[in-house]
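So the protein lines, in turn, are chains R and U.
The first sequence begins at 929 in the working numbering and counts up by one.
The second sequence begins at 35 in the working numbering and counts up by one.
Here a beta-carbon is modelled for each residue, glycine too, at the ideal position from N, C-alpha and C.
Just so it is clear, the structure is predicted and the values come from calculations on it, not from any experiment.
Please read the structure below before turning to the comments.
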Amino acid sequence: MAVSFVPKRFMSSALQRFAYNLSGFNKYGLHRDDLLDETDDVKEALKRVPQDVIDQRNFRILRAAQLSIQKDILPKDQWTKLEDDKLYLTPHVEDVARERQEREDWNKNY
Amino acid sequence: MASTLTKTPLLRSISSRGYAQLAPIGGISNYELKSTTLPNKLVLVSAENESPLARVSVIFRAGSRFESVDNLGAAHVVRTAAGLSTRNASQFAIIRNLQQGTRQAVEKVLPFLSEVATEQVFKPWEIAELADRLKLDLAVRPLQLRAVDLLHKAAFRTGLGNSQFIPKFQIGKISSETLQHFVSSTFTSGRAAVIGLGIDNSKLTQFAQGLNLDSSAGISSVNPYKGGEVRSDKGGEFAFVALAGEGAALTNTKEALATAVLQNVLSAGPQVKWSSNDNGVVPRAIGNTDGYSVRGINASYSDTGLVGVLLAAPAKSAGKIVEGAVKALKSGNISDADVNRAKNLLKTNLLLELESGSSAVQSYGTQAVLTGAVRSPADVVSAVDSVTTADVRNALQKAARKLTIASVGNLSEVPYADQL
Chain R
929 MAVSFVPKRF MSSALQRFAY NLSGFNKYGL HRDDLLDETD DVKEALKRVP QDVIDQRNFR
989 ILRAAQLSIQ KDILPKDQWT KLEDDKLYLT PHVEDVARER QEREDWNKNY
Chain U
35 MASTLTKTPL LRSISSRGYA QLAPIGGISN YELKSTTLPN KLVLVSAENE SPLARVSVIF
95 RAGSRFESVD NLGAAHVVRT AAGLSTRNAS QFAIIRNLQQ GTRQAVEKVL PFLSEVATEQ
155 VFKPWEIAEL ADRLKLDLAV RPLQLRAVDL LHKAAFRTGL GNSQFIPKFQ IGKISSETLQ
215 HFVSSTFTSG RAAVIGLGID NSKLTQFAQG LNLDSSAGIS SVNPYKGGEV RSDKGGEFAF
275 VALAGEGAAL TNTKEALATA VLQNVLSAGP QVKWSSNDNG VVPRAIGNTD GYSVRGINAS
335 YSDTGLVGVL LAAPAKSAGK IVEGAVKALK SGNISDADVN RAKNLLKTNL LLELESGSSA
395 VQSYGTQAVL TGAVRSPADV VSAVDSVTTA DVRNALQKAA RKLTIASVGN LSEVPYADQL
């Protein structure tokens, strides 16, 4: 989980891949953005993502929950690779946060 | 959530208050119109009317007539989408900044106007949220409006015949890309006009030059008058019937004014509040039957127009009333007295329209964007004076050559086009 918070420029891609694999969530077939805490910002961001992406996300989360119940992980060839892990939600979350920040600033100043 | 107005420095607020007391809100009425065309063909009109309110509007030739089968209703969505997030400003920022008001704020607000006018992005989730608003727009249309909408459909079929409102089956089906395409083919500098009342000409020129507009010609649509009939049975106690023939194009000023006079000759409605007495040609021909209402309609577009009457009648007597109106349109009996009365009514209406800032901006905007030039009120009034009875008779003859009828409501007694 901590991987996504470390700025990329400080990390060589090999080290990044190492840390990514160490974090463990990829063994459940999850992506980084599947792990975001569902705050109001994230909920709003989810509304802005196309339906097929949401369906895939829900599938991954359900599969991970099922694996967790069974105390199992996916076969190694199905683990998420860092290259496949696209940040499909983070840009939208950032947008939403920026819009919220704008509202809060306005309410403070006027 | 108070606005920044309360925070303006003391001296400035005193000076602006003094200024506000000098001129009425509407400003002075004998201002001088300055009209220029920029090198990119954008028409710029400005006038200093010394009003404490500044009005600036950016107008494009981008109505529903430029829609095709695939993007039917795009104009309505674009209209509703004004104020949604743009490339550099969020929905929230646009709305809150535009709420700042009055003349001092205009410089702060203009960048947002140019954002709204030229930097649309149509975020898909914001467009999806518009669906409810569009449904509301459709639901609150009065039947009279639908009669006029259907009249256009019958008269022009495609292009100008497109409704100004999105068809129900298109709600939710117009994507962000469709809108973007519609905007890029209609929001170009050659089809734009910038109108400013109460704002300095050089400031406005600077604003207009800063607009990020494509200079291509965009799409065009040619719509000759065809004529026909559309009926929409909706039940109820009344029938709303729009009856019209070919009018005049706005670019042909002489004819356009003759049809505008003709509209007032046909019927201008009661001019005294609460009265029901109307001295128009059509109500005189229909005579004194039970409660009906008639009003002349006239729409001039860039290449053609419609002129006729809109009737509202109780379902049972609608047949007789429509026949009376058709007889009046076809007989062409117009006296000099009728034309004189209509000319006075038209002049009053034109001048009253220019009295309020918002409708003045709209009226100048329409002229500028459709004809590329703006005429001063005094100029128009003297042009109205030069309309002769023969001009008006010709306009009526042209209209009566082929009548179009569109009706909405309880149509049990309303005649069909071939029975007229």
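Beta-carbon separation (whole angstroms), residue i vs residue j, contact threshold 8 Å
| i | j | result |
| --- | --- | --- |
| U:G410 | U:L67 | Looking at the sequence itself, residue 410 of chain U is Ser, so the reference to Gly does not match. Right, their Cβ atoms sit about 5 Å apart. |
| U:N257 | U:L194 | 4 Å |
| U:N444 | U:E271 | 6 Å |
| U:D337 | U:A283 | 5 Å |
| U:V111 | U:I208 | 5 Å |
| R:G957 | R:R991 | 6 Å |
| U:G342 | U:L277 | 5 Å |
| U:E163 | U:S119 | Not really, about 11 Å apart at Cβ, beyond 8 Å. |
| U:I368 | U:V426 | 6 Å |
| U:A96 | U:F221 | 6 Å |
| U:D419 | U:K350 | Not really, about 43 Å apart at Cβ, beyond 8 Å. |
| R:L1010 | R:L1002 | Not a contact, Cβ separation roughly 16 Å. |
| R:R988 | R:H959 | 7 Å |
| U:P348 | U:G325 | 7 Å |
| R:E1030 | U:F146 | With a Cβ gap of about 14 Å, R:E1030 and U:F146 do not count as contacting. |
| U:V140 | U:I233 | 6 Å |
Residue-chain proximity (residue i, chain R), Cβ-Cβ < 9 Å
| i | result |
| --- | --- |
| U:A115 | no |
| U:P158 | yes |
| U:A496 | Because chain U here runs from 35 to 454, residue 496 of chain U falls outside it and cannot be looked at. |
| U:F126 | yes |
| U:R121 | no |
| U:R130 | yes |
| U:L437 | no |
Rounded C-alpha distance that separates residue i from residue j
| i | j | result |
| --- | --- | --- |
| R:K975 | R:E966 | 12 Å |
| U:S49 | R:K1036 | With a pLDDT of 49 at U:S49, under the threshold of 50, the predicted position of this residue should be treated as unreliable, though the coordinate-derived value follows. Approximately 28 Å between the Cα atoms of the pair. |
| U:N313 | U:F199 | 34 Å |
| R:P978 | U:F190 | 39 Å |
| U:A429 | U:G252 | 32 Å |
| U:L76 | U:S219 | 15 Å |
| U:A451 | U:Q178 | 19 Å |
| U:R99 | R:K1014 | 43 Å |
| U:I93 | U:A319 | 41 Å |
| U:V395 | U:A88 | 11 Å |
| R:V981 | R:L1017 | 10 Å |
| U:R121 | U:A242 | 18 Å |
| U:V182 | U:S441 | 9 Å |
| U:Q453 | U:L78 | 49 Å |
| U:A424 | U:V448 | 32 Å |
| U:G230 | U:L385 | 18 Å |
| U:T192 | U:A108 | 15 Å |
| U:Q240 | U:R175 | 39 Å |
| R:A947 | U:V155 | 38 Å |
| U:A302 | U:L379 | 8 Å |
| R:Q944 | R:D962 | 19 Å |
| R:R1028 | U:R130 | 14 Å |
| U:V328 | U:R180 | 16 Å |
| U:S390 | U:I62 | 11 Å |
| U:K169 | U:V315 | 39 Å |
| U:L172 | U:L404 | 27 Å |
| U:H186 | U:K260 | 10 Å |
| U:A116 | U:G224 | 21 Å |
| U:L363 | U:A434 | 6 Å |
| U:S266 | U:P201 | 14 Å |
| U:E357 | U:V408 | 40 Å |
Cβ of residue i within 9 Å of any chain U Cβ
| i | result |
| --- | --- |
| R:R976 | yes |
| R:M929 | In this predicted model, R:M929 has a pLDDT of only 47, less than 50, meaning its place in the structure is not dependable; the value taken from the coordinates is given anyway. By this cut-off, R:M929 is not an interface position. |
CB contact check: residue i to chain C, cutoff 9 Å
| i | result |
| --- | --- |
| U:L168 | No chain C appears in this structure, whose protein chains are R and U. |
Proximity test, residue i beta-carbon vs the ligand FAD heavy atom, cut-off 8 Å
| i | result |
| --- | --- |
| R:P1003 | Absence of the ligand FAD from the depicted structure is noted, as is the absence of any ligand whatsoever, leaving it without description. |
| field | the segment 161-194 of chain U: positions lying closer than 8 Å to chain R by Cβ | value | none
| Between the segment 1026-1037 of chain R and chain U, which residues of the former have a C-beta closer than 9 Å to a C-beta of the latter? | R1026, E1027, E1030, R1031, W1034, N1035 and N1037
| message | As an exercise, report each continuous alpha helix (DSSP H) stretch of at least 4 residues that is fully enclosed by the segment 291-338 of chain U, in chain order. | response | 315-320
| said: Closer than 7 Å between beta carbons: that is the criterion. Which residues of the segment 81-111 of chain U meet it against chain R? | reply: none
| said: Which complete alpha helix (DSSP H) runs does the segment 345-372 of chain U hold, if anything under 4 residues is left out? | reply: 352-365
| task | Check distances from the C-beta atoms of the segment 324-353 of chain U to those of chain R and list, in chain order, the residues that come in under 8 Å. | result | none
| query | Which runs of the alpha helix (DSSP H) spanning at least 4 residues fall entirely within the segment 218-243 of chain U, listed in chain order? | reply | 235-243
| Fully enclosed by the segment 87-163 of chain U, which beta strand (DSSP E) runs are 3 residues long or longer? | 89-94
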